[in-house]
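Encoded as C-alpha cells, the structure appears first; notes follow it.
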Amino acid sequence: MKRLFGFLSIFIIIFTIPLVFSGCGSKKPKDKKIIIWHWMNDRKDALENLASQYKNLTGLTVEFKLFSPPDIYSQKVIAAARSGNLPDIFGILGEKKTMSSFIKANHVLDLTPYMEENDKSWENSFYPQALEVNRFRKNNSYAIEEGIYGVPIDLTVMEFVYNKDIFTKAGLDPESPPETFEEFLSYAKTIKETLGINGFICGWGEGWLINALAVEWAINLMGEDKFIQTIEGKVPYTDKQWVEVFSMFLKMEHSGILADNITSMINKESEDLFSRGKAAFSFNGSWAVNVYKQLAPDLNYKFFPLPKISDNYPVKIWGGAGSSFMLHKFSKNKNDAVDFLKWITSNNQQNFLSKETNNLPSIKNCQEGLPEVLIDIVDVLDSLTHPNIWPINENSRVLEAFNSGLQQITMGLKTPAEVCAEIQKIKERVSTK
Amino acid sequence: MNDYRTKDKVINFAFVFPALLIFSIFYLYPFFYSFILSLHRSDGIFTYDFVGLAHFRDIFQDKAWWRSLYNGGYITFWALTFQNILAFSLALGVDRAIKTGKIYRVIFFILPVLSEIIIGLLMRTILLSEPGILNQWLDKIGFGFMIQDWLGKEHVLLTTSLVHCWKGFGWAFIILLAGLQTIPEQLYEAARIDGANYIQRFSKITLPLLMPVVSMVIVLTLLGTMQAFAMILALTRGSGRLTEVPVMIIYNHLRGNQVGLACAEGIILGFILVLISFSMFAFSKWVKEKS
Amino acid sequence: MIIKPKKLIGLILLHTFLISVALSCICPLFWMINASFKTNEEFRNDYGLELAHEFNGDNYKRAIFDGGLGTYFLNSVFYTFITVFFIVIFSSLAAFAFSRLQFPGKNIIFFIFLTAMMIPLPAGFVPVYILLNKLHLANRIGYVMAMTNMGLSLSIYLLKTFFDQLPRDLEDAARIDGCSKLRIWWHVGMPLVAPALAVVIIVNSLTVWNEFVLASLMFTNAKLMPVQVGLMEFYNKNVIDHTLLMASLAIAALPIVTIYIIMQKHIIKGITAGAMVG
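Right, here's the structure in full:
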C-alpha cells in the first residue's frame, strides 16, 4: 500500500510542477521601484543603460524585465492582466484591437492629462502619427473612451530600399532612386536585363507585406479618405481605382522583375537574399537596418519613398507603429512612471536609443544619433499611415482575401478585376452578419 | 471483505488513472472544447462572444476553404493511385526477390522515417529554380528538355503531390508487403500444381486475400494525405493558395487569433474524413460479401 | 541450376525497376550529405553534383555552434526521451490493468481509448494549443504532456494484446494486494512484453522526434525549440547558404537514419503493427 501511495504521489508531483512554475508572479518590492516589462531583445542593453542613468539622476530604481521572443511576451502580459499582476509599465503587442481589449478590461491608464500639461508640451514633442497609434478618437469604432493610452518610444516605417552597387554596375546613377512607378519598373528591368539580377524581392509569402505596399499605392491614387470609405463599406473594392491599384502588381509580374517564388518567400528569406546582392530593390521595414547590418555589414544600400503611381494625392508611408509603453491603471507609482516615460522620450535619451539600436525616434527634431541610411527616412515621418491610426480596421476575412488575391495576381493566376470582385463579395458577406 | 474489494478496485483503477487523466485533458476535453469554441468568436485575449453557427456558414461560402479541399483531394488522388500502385508493385516485386528483398525493404522505408520538414526543405532546395539542382542534373545527363520551374505556378501542385507520394510510398509498401507475406506459400504451390499461371494466381489468391490490407491502406492514405501539412509548408508555404491544404488554413487562422474559425474548420474536416473512411469501410465490406 | 532465359529477362526487368526506385530514394539523401561537405564556392561550380574532395566539417561546426542547431538537437533529445518514458510507464500500467485486473468501467474506458485511435481529430492541435495557453502550460511540460497523449492509445492497445497472450498463471495477480500487483507489473509483466515495449519505444520516438505542428505553435523561444521547428527557422535565416543548409538537414536526419538502420527490423515491425491496428 505504501508503494502505491508513493507512486501516486509521483504523479501528483508531476502534475503540480507546472502550477509551481506558473505561480512565480512578480513580488511586491519593498523599496519604491518602477518595473517595466518589455520584449525588445535587441534593445535590452540600451534600456538597462538608460535605467542606470536614471537611477544616478533621480535615485529612483527602474527595472526592465525582458520576456523574449514577442510571442512569449504577449502571453505573459495577457496572463498577468487576467490575474491582475501587471507591472507599472508594459507594452501591448499586436493590432489596435488587442490594445482596445486591454483598455476595455480596465488595465491601461489614460495618459491624456499628462500629455496635455504645460500647453501639451509632451504631446507636441511626438510625431503626430506615432502618438496616433496610441490614441483613441471620439466615437471610435472600438467603443473606447477618447484619450491617449500609450507612449511611443520609437517608430517603424515601411520603405523601398535599393542596392547602390547593383545600380552602379548596371550603369544607373546610384544616388538617384526612381520616383515614379514607371521609372521603378524600367530601372528594375534594366538591371534584370544587363546583370541578370532579380529586379525586386520581398517576403510576399507573408500577406501583410504585400498588403502594406498595396495600401500605400491605394492612398497615393485615391487619397486616404476614399481608402477609409472603402473599409467603411461606402466605396466598393470593385471601384475603378482599386482595380488600378491591383493592376500595378500585374504590371510588376508582366515586366519579369519579380524574384522567382516571391509569393512563397518569407521576409527573413528576402532579407537574406537582398543583403547578398541577389536583388536590386526590396520593400522592407526600418528594422531592416539592424538586420542587414548583421547579415552583410558592407551592404551598400539606401531607402527611398514609394515610387508613386499618380500625382492625385501625396504619398503616405506605411508606418508609425513602433514600440509603445502603457501604464498600468492601478499602479502605485503612476506619477514616477510618467516622469520616467517623459524622460525617456526627451531628446537626449531618444538620441541615445536611436544611436544604440538603429531605430527611428518617436519625437520630432531628433536626428543626431541616427545612422546615415535612416536619415533620409526622417523626411517622410510626417506623412505616415497605418491600420492602427485609421478610425476603422478591415475585417480579417476580407484582409485575407485581399492579401491572397494580391499574391495570385503576382503569380499571374487571376486578373485584378477578378480579385477585386472576389474581395467585394466577401466584404458584402461579412458585413451583412 | 466488501471493504477489501472496494480498495482492490481503487488500486486496480489507479493503474489506468495516469493514462486516463492525460487522455482526458489532452484528448477528450479538447475534443468537446473545440465544438464549443467553434461557436464563439474570440478577441484572442479576454472575451469570447457567442456567434452560433456563423463560422460554419462563413466556411461553406469560403472559396479559399473549398479550394484547399480541392488541393488536398488532388494530392490524395495521386497518393491513392500513383503512390499505392507503385507501392503495390514494389511489394509484389520484393516479395518475389527473396534474397535481396531485405535491402530493398530497408531502403524504401528510409523516407517515411525522415521527418516531413527534412524532406520538404531538402526537396525545396533541389527543386527551386535557383539554384536549380534537379535542372542542372537533368541537363548533365542529357535530359535538358525536361528542365522547368518545378515549383512554379504551372506545376507546383503536381510537384507537391509527387513529392508527397515519393515520401509516402515506402510506408504503404511495408504494410502491403507484410500483408503479402501472411499469405501461405502452400496456396501458391497448390495453384501451380493445378496449372494456374501467374495472372490467375494473382487474381484468385493474392488479390482476394490481400483485400482487407489494401482497403486499410487506402483508408490510411486518405486520412493521412488529407491531413498532410508540414511537408507542404516546408516545400511551398502554400504558394498563394495553389498548394494550400485544409490543415494549413486552420494553422494560419489559429496563428491569426481566429480560434473559433479554426475550430469550426477542424470540425468540418474531421467530419468529412470520418464520413469518407466509414463509407470506404462499408464499401470494402460490401465487396467482400459479394465475392 | 540453369535459369530459363524468359525468367532471366523477367528478373532483370524486376531488379531494374526495384533498383531505380531505390536510387530515387537514396540519391537526394546522398546529394544532401555530399553537398554538406562542400564550400559554397565549390557548390556554385558543380551544384553539389560532383563528389566532395575532402570531408570538410566546417558547415557542421557552423550549424551546430553558430546556428544553434546543437541546442535544437538537445531539446529534441530531451522531449523525445521524457515523452517516451511517460508513454512507456503510463501505457504499460494501463495495458496491464486492462488485460489482467478488474475494475468498474474497464470495458468502456478501453473502448474510449480505441475509438480515439480510430476517429481522426484533424487540427486537434487547435483546442490543445488553446487549452495549454489557458493553463499557462505553453512550455516544456505542456508540450511533453500533450505529446504523451498522442502516443497513449496505440501503445496501450499494442501492449494489451501482448499482455493478453501471457500465461494465465498471472491471473492470480488479481487476488494479491496492491504493491504486489505493482511488483508483478514491473518484474513479471514488463520483461515478458519487452518485444512490444521495443515497438512502443521506437514508434513513439519517431513520432515525437518528427513532430512539427504543435511545437511550432508553442515554442517561439529558440532556446526551447525542437529540431524540426529549429530547422525551419534556420532555413529561413540562411536561404542562400545551401551547403550550410544541407549540413543542418543532415544533422537532423543522420541520427534517425542510423537508429533506423540498426533497428530496422523492430521499426518495420512496429509500423506494420501500428498500421494493422488502425
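Residue numbers (the numbering used here), protein chains in the order written: chain V, 1459 to 1891; chain Z, 158 to 448; chain B, 539 to 816.
C-beta: ideal position from N, C-alpha, C; glycine also.
Predicted, not measured: the structure shown is a model, and the values here were computed from it.
Report task. Verify the CB distance criterion: does H780/B have a CB-CB separation below 8 Å to chain D? Result -> Structure shown: chain D not included; protein chains present are V, Z and B.
Query raised in the report: In chain B, which residues lie with their C-beta within 7 Å of the C-beta of R1734/V?
Result: Result: I778.
Query - N- and C-terminal bounds of the beta strand (DSSP E) containing H674/B - result: No residue range can be given for H674/B, since it is assigned to no beta strand (DSSP E) and is classified by DSSP as neither H nor E.
Requested in this report: Kindly say whether A176/Z, judged by its beta-carbon, lies nearer than 8 Å to any beta-carbon of chain V.
Outcome: A176/Z has a beta carbon lying at 8 Å or more from every beta carbon in chain V.
Query raised in the report: What is the residue span of the beta strand (DSSP E) that G1657/V lies within?
Result: Its beta strand (DSSP E) spans residues 1656-1659.
Query - Cβ contact check for the stretch 631-638 of chain B and the stretch 686-705 of chain B: 3 or more pairs under 8 Å - result: The answer is yes - the stretch 686-705 of chain B touches the stretch 631-638 of chain B, with three or more Cβ pairs under 8 Å.
**Report entry** CB contact check: L426/Z to chain B, cutoff 8 Å
**Finding:** For L426/Z, the answer is yes, since a Cβ of chain B falls inside 8 Å of its Cβ.
Query raised in the report: Using a C-beta to C-beta distance shorter than 8 Å, which residues of chain Z count as neighbours of S558/B?
Result: Neighbours of S558/B on chain Z: none; closest Cβ ~11 Å, over 8 Å.
Requested in this report: Whole angstroms is fine: what's the gap from N742/B's alpha carbon to A760/B's?
Outcome: Their backbone Cα atoms lie some 24 Å apart in a straight line.
Report task. Would you list the residues sitting across from G1863/V in a DSSP beta bridge? Result -> Answer is none; G1863/V lacks a bridge partner.
**Report entry** Close beta carbons around A387/Z, own chain, < 8 Å, minus the five adjacent residues each side
**Finding:** The residues are S272, E273, I274, G277.
Report task. With DSSP collapsed to three states, give me the class of N1514/V. Result -> Helix, per DSSP.
Requested in this report: State the Cα-Cα distance for the pair K803/B and Y261/Z, rounded to the nearest angstrom.
Outcome: A straight-line Cα-Cα distance of about 13 Å links K803/B and Y261/Z.
Report task. Excluding the 5 residues preceding and the 5 following K1647/V in the sequence, name in chain order all residues of the same chain whose CB lies nearer than 7 Å to its CB. Result -> Cβ within range, chain order: G1657, S1713, I1715.
Query - Under 8 Å by beta carbon: chain V residues contacting K310/Z - result: Chain V residues near K310/Z: M1869, G1870, L1871.
**Report entry** Beta-carbon proximity list for F1642/V, same chain, < 6 Å, skipping 5 on both sides
**Finding:** Leaving aside the five residues that flank F1642/V on each side, the residues in its chain whose CB is nearer than 6 Å to its CB run, in chain order, P1636, P1765.
Requested in this report: Determine the direct distance from the alpha carbon of L380/Z to that of G395/Z, and round the result to whole angstroms.
Outcome: Computed Cα separation, rounded: 20 Å.
Query raised in the report: According to the neighbour-count rule (16 or more other Cβ atoms, all chains shown, within 10 Å of its Cβ), is K1486/V buried or exposed?
Result: Unreliable positioning characterises K1486/V in this predicted model, as indicated by a pLDDT of 43, which lies under 50. A coordinate reading is not provided.
Query raised in the report: When the Cα of N1770/V is compared with those of A1588/V, W1675/V, K1883/V, L1679/V, which residue comes out closest?
Result: Across the set A1588/V, W1675/V, K1883/V, L1679/V, the C-alpha of L1679/V shows the shortest separation from the C-alpha of N1770/V.
Report task. Return the CA-CA distance between N1853/V and I1602/V, expressed in angstroms with no decimal places. Result -> Distance from the CA atom of N1853/V to the CA atom of I1602/V, rounded to whole angstroms, is 18 Å.
**Report entry** Per-residue contacts from Q343/Z into chain V (C-beta, under 9 Å)
**Finding:** Within 9 Å Cβ-Cβ: nothing; Q343/Z doesn't reach chain V, min ~50 Å.
Query raised in the report: Should R281/Z go down as buried or exposed, given a rule of 16 or more other Cβ atoms within 10 Å for buried?
Result: R281/Z should be labelled buried.
Report task. Check the DSSP bridge columns for V1566/V and list the partner residues they point to. Result -> The partner list for V1566/V (beta bridge, DSSP) reads H1786/V.
Query raised in the report: In angstroms, rounded to a whole number, what distance separates the CA positions of Q305/Z and T400/Z?
Result: Rounded to whole angstroms, Q305/Z to T400/Z spans 18 Å at the Cα level.
Query raised in the report: When the cut-off is 8 Å and only beta carbons count, does L1731/V lie next to chain B?
Result: Yes, its Cβ sits closer than 8 Å to a Cβ of chain B.
Query raised in the report: To which residues of the same chain is S372/Z closer than 7 Å at the C-beta, ignoring the five residues directly before and after it?
Result: Hits under 7 Å: M437, S441.
Query - Neighbour list for L285/Z in chain V, Cβ cutoff strictly below 8 Å - result: Within chain V, the residues placing a beta-carbon under 8 Å from that of L285/Z are D1718, N1719, ordered along the chain.
Query raised in the report: To the nearest angstrom, how far is it from the Cα of E1682/V to the Cα of Y1607/V?
Result: Cα atoms of E1682/V and Y1607/V: separation of roughly 24 Å, rounded to the nearest angstrom.
Query - Exposed unless 16 or more other CB atoms sit within 10 angstroms - verdict on W723/B - result: Under this definition W723/B is a buried residue.
Query raised in the report: Going by beta carbon distance, what residues of the same chain come within less than 7 Å of I1847/V, once the five residues before and after it are set aside?
Result: Closer than 7 Å at Cβ, skipping near neighbours: Q1587, E1590, V1591, G1778.
**Report entry** Nearest-angstrom Cα separation, counted from R253/Z out to G352/Z
**Finding:** C-alpha separation (whole angstroms): 19 Å.
Query raised in the report: Which first and last residues belong to the alpha helix (DSSP H) in which R198/Z is found?
Result: Counting along the chain, R198/Z sits inside no alpha helix (DSSP H); it lies in the beta strand (DSSP E) bounded by residues 197-199.
Requested in this report: Quickly, what does DSSP pair R1593/V with across the bridge? List them, please.
Outcome: Among the bridge pairs identified by DSSP, R1593/V is matched with I1606/V.
Query - Whole-angstrom distance between W747/B and I740/B, CA atom to CA atom - result: Distance between the alpha carbons of I740/B and W747/B: 10 Å.
Query - Three-state secondary structure assigned by DSSP to H591/B - result: DSSP places H591/B in coil when its eight states are reduced to three.
Report task. For the alpha helix (DSSP H) containing D206/Z, list its first residue and its last residue. Result -> Annotation: D206/Z is outside any alpha helix (DSSP H); the continuous beta strand (DSSP E) that includes it extends over 205-207.
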